[in-house]
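K.L.:
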Amino acid sequence: MLSDKENPGSKISWIVRNLGYTFQFMFCFLLSQGPAMLTVVAVYECYTSSLEKDL
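Letter by letter, the sequence shown follows residues 6 to 60 in our numbering.
#1: Compute the Euclidean distance between the alpha carbons of G25 and F32, then round it to the nearest angstrom.
#2: Run through DSSP, which three-state label would N23 get?
#3: Beta-carbon within less than 6 Å of C51's beta-carbon, same chain only, minus the 5 sequence neighbours each way: which residues are those?
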């Protein structure tokens with residue numbers, strides 16, 4: 006019997022599976038962080054534009 010390290014097929018499937026989990030995590034992270042980032046950007050834009058008006 007070949008061990009997992011000596012079997013290239015299982016190593017490839019392991020890498021593919023880990024890549025899938027990584028992409029899922031990044032996708033969910035971006036989805037959850039997206040609105041917060043947009044809010045920060047919007048607040049920053051309003052803040053800088055109000056500063057420019059004061060000047």
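Beta carbons are placed, not taken as given, at the ideal position from N, Cα and C, and that holds for glycine.
P.N.:
Per the coordinate set shown:
#1: The alpha-carbon of G25 is positioned some 10 Å away from that of F32.
#2: The answer is helix: DSSP assigns N23 an H, G or I state.
#3: Cβ neighbours of C51 beyond the five flanking positions: none.
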